[in-house]
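Numbering (full-length UniProt numbering), first residue to last: 1 to 94.
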Amino acid sequence: MWVILGLIAIVITFINLYMYAAGKDYKLAMAMALSFTALTICAAFSNLNRWVKVEDWSALREIPGMARAFWFVTIVSILLNLAPIFLERKRKKL
Numbered sequence: 001m002w003v004i005l006g007l008i009a010i011v012i013t014f015i016n017l018y019m020y021a022a023g024k025d026y027k028l029a030m031a032m033a034l035s036f037t038a039l040t041i042c043a044a045f046s047n048l049n050r051w052v053k054v055e056d057w058s059a060l061r062e063i064p065g066m067a068r069a070f071w072f073v074t075i076v077s078i079l080l081n082l083a084p085i086f087l088e089r090k091r092k093k094l
């Protein structure tokens, strides 16, 4: 499930950037992309919780790599989705 939510977050992030570039209102897309990013993280942790409940200890070995990947993807998502706001402010100052 987290993979599907993550793909949706990526697609909506690109829609956000496209809408900004086209001069359209991008704020709903930005909020949706950030929301789907959060849902992706929640779904991933639910998956980890399921692994613990069924005592799948070999699957839990993946957690360190997944944690780094989720931190990276979340930070990139936040920066990409907030970029239009910063670019808009910069444009207004000029």
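Built from N, CA and C at the ideal position, the CB exists for glycine as well.
Over what stretch of residues does the alpha helix (DSSP H) that includes residue i continue unbroken?
{"i": "L60", "result": "No alpha helix (DSSP H) holds L60; DSSP gives it neither H nor E."}
{"i": "Y26", "result": "No alpha helix (DSSP H) holds Y26; DSSP gives it neither H nor E."}
{"i": "M19", "result": "2-21"}
Please state if the CB of residue j and the CB of residue i are separated by a distance shorter than 8 Å.
{"i": "T13", "j": "L60", "result": "no"}
{"i": "A43", "j": "M66", "result": "no"}
{"i": "P84", "j": "N16", "result": "yes"}
{"i": "L5", "j": "L39", "result": "yes"}
Distance check for residue j and residue i, CA to CA, integer angstroms please.
{"i": "R68", "j": "M32", "result": "23 Å"}
With burial defined as no fewer than 16 other Cβ atoms inside 10 Å of the residue's Cβ, what is the status of residue i: buried or exposed?
{"i": "S77", "result": "buried"}
{"i": "L34", "result": "buried"}
How close, in whole Å, do the beta carbons of residue i and residue j come, if the pair is a contact with beta carbons under 8 Å?
{"i": "I8", "j": "F36", "result": "5 Å"}
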